[in-house]
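S.K.:
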Amino acid sequence: MRAMGIDIGTTTISIIMIDGDSGALLGSSTIAHKAFLKGSAASRIQDAERIWKLTRQTVAEMTEKYGRPDSIGMTGQMHGVLYVNGKGDAVSPLYTWQDGSGNELLEDGRTYADILREATGSAASGYGLTTHFYLQKKGLIPAEAEKMTTISDYIAMKLCGNRIPVIARDMAASWGCFDLEIGDFCRDELENLGVRLDLLPEIVSGHPVVGRTEGEVPEGIPVSASLGDNQASVLGSVRDLSNTVLVNIGTGSQVSFGTGRYLEAQGSIELRPCTEKLYLMAGSGLCGGRAYAMLEQFYREACGRENEEALYSVMERQARDFIDTYGKEAAWKIRTTFSGTRSNPRERGSISGIGVENFHPGAMTVGMLQGILEELHEMYRQMCSMTGTKAAHLVGSGNGIRRNKLMRELAEDLFRMPMAIPACEEEAAYGAALQSLASAGFAASMTEMQQKIHYLNS
């Protein structure tokens, strides 16, 4: 029994094949889709058709190399939106989660995101319904558009030859303006604002099979409705959602912790649908691992080595030397909100605690690492306060964690738990593959499939 997981990321397409019985990774392929299109300074749009063609090609190659999968699971970048016509073909670019049009100021000093947030409680620039609202007001929705969808649900449609998209609760909630208690969009509030609701796709329960493959891909393989990439990466990394905190650091950063009951979101914490029985509390740092990459670039510029090899090994050595000599408490205090926050996109980072005795690059490097982690740990503390519980296990994922041993060590110190690292590096695609087996009836539940997760240090 084999399962394929497809992850349509912001810059890459990752496809894996796993052994459904053991959970072992059979093979993987990650390609840069290079799908960004030129647009306004605020827009971050991509060519959906290019993403589809590259995905179809890679799926065919993976199937030829590793054999026909028994199921295909989907995941991908959340929040983004594109429009399709009655034939199920894209008639717009993909407006990604990075799209900034929702922050455009109106005459009354509010933004499009502000208006939706005041009416529904959940909206931000880059969220699908904020983008939809902006495009509608600007008259930019294509005349032939009949439905809106996410990029990964679009790929699922195309694999199956479907014409009408559907969306699971977790992806729907990522568009904002969503009532988690009832599991539906805030339709009355949106209608009062004149937002077009006829373009919204049907919300399906769970992540059911939405169709079977046809065309260039071997026919008849069940394809499941897409998971959000946050939910998929958690499900592909954590065996026990309600007792484990997951720290993910890549380009951005996230901390996630499961809960079995509905809770009012507080502060910077979002409550997201996950499984039928569990919600996911998620806190996101918009800069995250990018902050460390920015620091490396800063060091190269400062020493005139812009075009030379990366300095990450030098940075880690200097950071460790500083900790050995002065202790990590003596590092600079850095707040890594360089890209703002979900609740305040205009907020910026800060650096303090600089003195004569700690004026060293190692102090800045340690401070940056701790700043990335402290932003997430503060969100985790909010989660513990909301639920009255603490996690017993810590899992780390993402390239920022996998490639930086010092970051892992600092995370273990801060969270006061040893950190487990999933064996499969493509955690979201792995979670989608596991989900597809449960959705197609090859397992009793997703919880059963999660027990097949392997860790590097166990």
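If you count the sequence shown from 1, you need to add 1099 to reach my numbering.
By construction, the Cβ of each residue, glycine as well, lies at the ideal position given by its N, Cα and C atoms.
All values reported here derive from a predicted model rather than from experimental measurement.
(1) Among Ile1144, Gly1387, Asp1339 and Gly1166, which has the Cα closest to the Cα of Cys1373?
(2) Would you mind reading off the limits of the beta strand (DSSP E) that contains Arg1262?
(3) Indicate the three-state DSSP secondary structure (helix, strand or coil) for Asn1202 in the structure shown.
(4) In this structure, does DSSP put Pro1168 in helix, strand or coil?
(5) On a Cα-Cα basis, can you pick out the residue from Ala1491, Gly1201, Thr1436 and Glu1245 that is closest to Val1337?
(6) To the nearest angstrom, how far is it from the Cα of Ile1500 to the Cα of Glu1148?
(7) Apply the 10 Å Cβ neighbour rule to Ile1281 and answer buried if 16 or more other Cβ atoms are within range, or exposed otherwise.
(8) Less than 6 Å between C-beta atoms, sequence neighbours within five positions excluded: which residues of the same chain meet that for Val1158?
(9) In whole angstroms, what separates the C-alpha of Leu1124 from that of Ile1117?
(10) Which word fits Asn1261, buried or exposed, when buried means at least 16 other C-beta atoms lie within 10 angstroms of its C-beta?
(11) From the DSSP secondary-structure annotation, give me the bridge partner or partners of Ser1060.
(12) Within 10 angstroms of its Cβ, does Tyr1361 collect 16 or more other Cβ (buried), or is it exposed?
(13) Give the secondary structure of Gly1357 by DSSP, where H, G and I count as helix, E and B as strand, and everything else as coil.
(14) Starting from Gln1145, follow its DSSP beta bridges and name the residues at the other end.
(15) What is the residue span of the alpha helix (DSSP H) that Gly1388 lies within?
(16) Between Cys1259, Ile1263, Leu1299 and Ala1255, which lies nearest to Gly1275 when the distance is taken from Cα to Cα?
(17) Beta-carbon within less than 8 Å of Cys1259's beta-carbon, same chain only, minus the 5 sequence neighbours each way: which residues are those?
(18) Tell me whether Pro1460 sits in a helix, a strand or coil according to DSSP, three-state version.
(19) Please list, in chain order, all residues of the same chain as Phe1135 whose beta carbon is under 6 Å from its beta carbon, the five residues on each side excluded.
(20) With distances taken between CB atoms, is the gap from Ser1496 to Ser1332 smaller than 8 Å?
(21) Using CA atoms only, rank isn't needed, just tell me which of Lys1246, Asn1347, Leu1289 and Gly1357 is closest to Ile1302.
(22) Does DSSP put Met1079 in a helix, in a strand, or in coil?
(23) Is it right to say Ser1449 is buried, meaning 16 or more other beta carbons lie within 10 angstroms of its own, or is it exposed?
(24) Around the C-beta of Gly1179, are 16 or more other C-beta atoms found within 10 angstroms, so that it is buried, or is it exposed?
(25) Beta-carbon separation of Thr1248 and Leu1181 under 8 Å?
(26) Distance, Cα to Cα, Glu1163 vs Thr1219?
(27) Is there contact here, the region 1473 to 1488 with the region 1366 to 1385, by at least three beta-carbon pairs under 8 Å?
(28) Measure how close the beta-carbons of Pro1264 and Asp1278 come, nearest whole angstrom, since I'm counting them as under 8 Å.
(29) Do you know offhand how far Asp1188's Cα is from Thr1435's?
(30) For the candidate residues Met1256, Tyr1529 and Gly1327, whose alpha-carbon lies nearest to that of Gly1185?
(31) Pop quiz: Asp1328 and Ala1527 are said to be a contact at Cβ under 8 Å. What is the actual Cβ separation, rounded to whole angstroms?
(32) Under a Cβ-count criterion, where at least 16 other Cβ atoms within 10 Å of its own Cβ denotes burial, should Lys1376 be classed as buried or exposed?
(33) Can you tell me whether Thr1486 is helix, strand or coil according to DSSP?
(34) Quick one: grab the DSSP three-state call for Lys1246.
(35) Cα separation between Cys1285 and Phe1232?
(36) By the DSSP assignment, the alpha helix (DSSP H) with Lys1432 in it spans what residues?
M.R.: Checking against the coordinates, here is how it stands:
(1) In the sequence shown, residue 1373 corresponds to position 274, counting from 1. Checked all of Ile1144, Gly1387, Asp1339 and Gly1166; the closest Cα to Cys1373 is Asp1339.
(2) The residue you call residue 1262 lines up with position 163 of the sequence shown. First-last for Arg1262: undefined, no H or E at that position.
(3) Along the sequence shown, one-based indexing puts residue 1202 at 103. Residue state, collapsed to three classes: helix.
(4) Counting from one through the sequence shown, the residue named residue 1168 turns up at place 69. Pro1168: coil per DSSP, three-state reduction.
(5) In the sequence shown, counting from the first residue as 1, residue 1337 sits at position 238. Comparing Cα positions, the closest option is Ala1491.
(6) Against the sequence shown, residue 1500 aligns to sequence position 401. Against the sequence shown, residue 1148 aligns to sequence position 49. If I take the Cα positions, the gap works out to 33 Å.
(7) Within the sequence shown, residue 1281 is the residue found at index 182, counting from 1. Ile1281 should be labelled exposed.
(8) Translated into the one-based positions of the sequence shown, residue 1158 becomes position 59. Val1316.
(9) Numbered from 1 along the sequence shown, position 25 holds the residue referred to as residue 1124. Numbered from 1 along the sequence shown, position 18 holds the residue referred to as residue 1117. Distance between the alpha carbons of Leu1124 and Ile1117 is about 4 Å.
(10) Indexing the sequence shown from 1 puts residue 1261 at position 162. Buried, because 16 or more other Cβ atoms sit within 10 Å of the Cβ of Asn1261.
(11) No statement about residue 1060 is possible, as the shown extent of the chain runs from 1100 to 1557 and does not include it.
(12) Counting from 1 along the sequence shown, the entry for residue 1361 is found at position 262. Label assigned to Tyr1361: exposed.
(13) For the purposes of this step, residue 1357 is taken as residue 258 along the sequence shown, with counting starting at 1. In this structure, Gly1357 counts as strand in the three-state DSSP scheme.
(14) Stepping through the sequence shown from its first residue, residue 1145 is reached at position 46. DSSP lists Phe1135 and Leu1193 as partners of Gln1145.
(15) The residue given as residue 1388 occupies position 289 in the sequence shown. Unbroken alpha helix (DSSP H) run through Gly1388: Gly1388 to Ala1401.
(16) The residue given as residue 1275 occupies position 176 in the sequence shown. It is Leu1299.
(17) As a first step, residue 1259 must be located in the sequence shown, where it is residue number 160. Hits under 8 Å: Val1309, Gly1310, Arg1311, Thr1312, Glu1313 and Val1322.
(18) Within the sequence shown, numbered from 1, the residue matching residue 1460 stands at position 361. Helix at Pro1460.
(19) Here residue 1135 corresponds to residue number 36 of the sequence shown, with the count starting at 1. So the list reads Gln1145, once near-sequence residues are dropped.
(20) On the sequence shown, position 397 is the one that residue 1496 refers to. On the sequence shown, position 233 is the one that residue 1332 refers to. Yes, these two residues count as a Cβ contact at 8 Å.
(21) Against the sequence shown, residue 1302 aligns to sequence position 203. For Ile1302, the nearest C-alpha among the options comes from Lys1246.
(22) With the chain represented from 1100 up to 1557, any question about residue 1079 goes unanswered, as that position is not in the structure.
(23) Locating residue 1449 in the sequence shown gives position 350, where the first residue counts as 1. Label assigned to Ser1449: exposed.
(24) Translated into positions along the sequence shown, residue 1179 becomes position 80. So Gly1179 ends up on the buried side.
(25) On the sequence shown, position 149 is the one that residue 1248 refers to. On the sequence shown, position 82 is the one that residue 1181 refers to. Yes. Within cutoff.
(26) As a first step, residue 1163 is located in the sequence shown; it is residue number 64 there, counting from the start. As a first step, residue 1219 is located in the sequence shown; it is residue number 120 there, counting from the start. Whole-angstrom Cα-Cα distance: 47 Å.
(27) yes
(28) What you label residue 1264 is simply residue 165 of the sequence shown in a count that begins at 1. What you label residue 1278 is simply residue 179 of the sequence shown in a count that begins at 1. The Cβ separation is near 21 Å, so there is no contact.
(29) Translated into positions along the sequence shown, residue 1188 becomes position 89. Translated into positions along the sequence shown, residue 1435 becomes position 336. Each residue's Cα considered, the two are about 40 Å apart.
(30) In the sequence shown, the residue the question calls residue 1185 occupies position 86. Checking every option, the nearest Cα to that of Gly1185 belongs to Met1256.
(31) Position 229 of the sequence shown, counted from the start, is the residue given in the question as residue 1328. Position 428 of the sequence shown, counted from the start, is the residue given in the question as residue 1527. With 8 Å as the limit, Asp1328 and Ala1527 qualify as a contact, their Cβ atoms being about 5 Å apart.
(32) Start at 1 with the first residue of the sequence shown, and residue 1376 comes out as number 277. Classification for Lys1376: exposed.
(33) As a first step, residue 1486 is located in the sequence shown; it is residue number 387 there, counting from the start. Correct three-state label for Thr1486: helix.
(34) Here residue 1246 refers to the residue found at position 147 of the sequence shown. DSSP places Lys1246 in strand when its eight states are reduced to three.
(35) Position 186 of the sequence shown, counted from the start, is the residue given in the question as residue 1285. Position 133 of the sequence shown, counted from the start, is the residue given in the question as residue 1232. Going from the Cα of Cys1285 to the Cα of Phe1232 covers about 14 Å.
(36) Taking the first residue of the sequence shown as 1, we reach residue 1432 at position 333. That residue, Lys1432, is in no alpha helix (DSSP H); its beta strand (DSSP E) goes Lys1432 to Arg1434.
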